[in-house]
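Q: For the sequence shown, position 53 matches number 53 in the UniProt record's numbering, and the numbering has no gaps at all. Glycine included, C-beta positions come from ideal geometry on N, C-alpha and C.
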Amino acid sequence: MKCKVFLGFTSNLISSGVRDTVRYLTEHHMVDVVVTTAGGIEEDLIKCLAPTYKGDFYLSGTHLRSNGLNRIGNLLVPNDNYCKFEDWIIPIFDQMLKEQTLENVLWTPSKVIARLGKEINNESSYLYWAYKNNIPVFCPGLTDGSLGDMLYFHSFRNPGLIIDIVQDIRAMNGEAIHANPRKTGMIILGGGMPKHHICNANMMRNGADYAVFINTAQEFDGSDSGARPDEAVSWGKIRGSAKTVKVHCDATIAFPLLVAETFAAKICKPL
1 MKCKVFLGFT SNLISSGVRD TVRYLTEHHM VDVVVTTAGG IEEDLIKCLA
51 PTYKGDFYLS GTHLRSNGLN RIGNLLVPND NYCKFEDWII PIFDQMLKEQ
101 TLENVLWTPS KVIARLGKEI NNESSYLYWA YKNNIPVFCP GLTDGSLGDM
151 LYFHSFRNPG LIIDIVQDIR AMNGEAIHAN PRKTGMIILG GGMPKHHICN
201 ANMMRNGADY AVFINTAQEF DGSDSGARPD EAVSWGKIRG SAKTVKVHCD
251 ATIAFPLLVA ETFAAKICKP L
C-alpha cells in the first residue's frame, strides 16, 4: 500500500552513523516529509565542513572542556568545527537578509533549511538531497542549538532577518491534510519534538494510517517520547484502524537494518 511517509528523528541520530541511512532515503526520495531538531540540521552541515571523532561515554567533561572538545554520547566535536560553521553560514544569512529586503522574500524554517541544503552542495548531506528532491524538512525548534547561536550572532552583526514559524505550521499541517496518496505513514526515531510534531500534523487529518516508533523511552513517566502508538490513537493522531508498532531498541541498531530489508531492498535486488 502506497502512503505519504513522514520521517522524524532527533539530532543524535545525525551525529551518529544513522546520518548515512537518512541520506540514502532522501537521495532516493523514499520519504516525503522530514522533521528534526536544530541539531539534526546543523550536525549534517557541520559534518560536511569538518570531522566528528569517536570518543567514549565516560571521558571527563572537565578534561574535554579544557581541550576544546564537546561530547555527544561517545562522539567528540572540536570547538573549531563550530567556528568553521559560523564562517560558512553567516554570509548565507547576509544574503538571505538582502533577499528579504530587496525581493520581499518571506523566510520560514523549512525555506531556510532548503537554502542551507542548496548551499552546502555536498552529496554526503541528507539536506542536500532533500533540497535536490524537493523534500520539505521542518524544524519547529530551529533556534535551539548552534543554528540559534548563529542567528543570535547575526542579529548583532547584521540585524533584521525574520523567520516566520506560522507559515511553516500551515505548510506542515498541509502536508498531512492534503496528502497524496491519501494514506500517511510515520517513521519516528527517538522522541521529543519531531515525534509530537509529526503526530500532531496527522491529527489534522484524523490520524495516520501507519506508524513505526523506534526508541528506548518508557511510558511510566507520562512523556510523549515514551508513549505507545495507542496513546496517539486516543488523540486522533493515529487512526484506530491503523497498523502500528513500537520497537523498543536503540535506533542506531534497528533503523539501518529495517531500511536494508525494506526501502533498500527495492533498489538493491539480489543478482
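Met204 by DSSP, collapsed to three states: which one?
A: Looking at Met204 - three-state DSSP - the assignment turns out to be coil, as it is neither helix nor strand.
Q: Got a sec, what are the start and stop residues for the alpha helix (DSSP H) Pro229 sits in?
A: Pro229 to Trp235
Q: Is it right to say Pro109 is buried, meaning 16 or more other beta carbons lie within 10 angstroms of its own, or is it exposed?
A: buried
Q: Report buried or exposed for Leu116, applying the criterion of at least 16 other Cβ atoms within 10 angstroms of its Cβ.
A: buried
Q: How long is the line joining the alpha carbons of Arg205 and Val212, rounded to whole angstroms?
A: 18 angstroms
Q: With DSSP as the reference, identify every bridge partner of Phe138, one or two as the case may be.
A: Val35
Q: From the DSSP output, in three-state form, read off Ala242 for me.
A: strand
Q: Ordered along the chain, which non-local residues of its own chain (more than five positions away) have a Cβ less than 7 angstroms from that of Val31?
A: The residues are Val5, Leu7, Leu25 and Ile135.
Q: Using only the alpha-carbon positions, how far apart do Val33 and Lys132 sit?
A: 14 angstroms
Q: Using a Cβ-Cβ cutoff of less than 6 angstroms, which residues in the same chain neighbour Ile14 once the five nearest sequence positions on both sides are dropped?
A: Gly40, Glu43 and Asp44
Q: Pull up the distance between the alpha-carbon of Met193 and that of Ala201, whole angstroms please.
A: Between Met193 and Ala201, the C-alpha separation is close to 12 angstroms.
Q: My output table needs one value for Asp221: the three-state DSSP class, helix, strand or coil.
A: helix
Q: Measure how close the beta-carbons of Phe9 and Ile46 come, nearest whole angstrom, since I'm counting them as under 8 angstroms.
A: 16 angstroms between Cβ atoms; not a contact.
Q: How would you call His29, buried or exposed, if buried means at least 16 neighbouring beta carbons within 10 angstroms?
A: exposed
Q: On the DSSP letters alone, give me the boundaries of the alpha helix (DSSP H) that Thr21 sits inside.
A: Val18 to Glu27
Q: What does the alpha-carbon distance come out to for the pair Ala217 and Asn180?
A: 32 angstroms
Q: What number of angstroms, rounded off, separates the C-alpha of Ile120 from the C-alpha of Ser146?
A: 16 angstroms
Q: Determine the closest residue to Thr52 out of Cys139, Lys246, Thr36 and Pro78, with distance taken between C-alpha atoms.
A: Pro78
Q: Exposed or buried, Gly141, counting other C-beta atoms within 10 Å across all chains shown (16 or more means buried)?
A: buried
Q: Would you check if the distance between the CB atom of Asn158 and the CB atom of Leu97 is smaller than 8 angstroms?
A: yes
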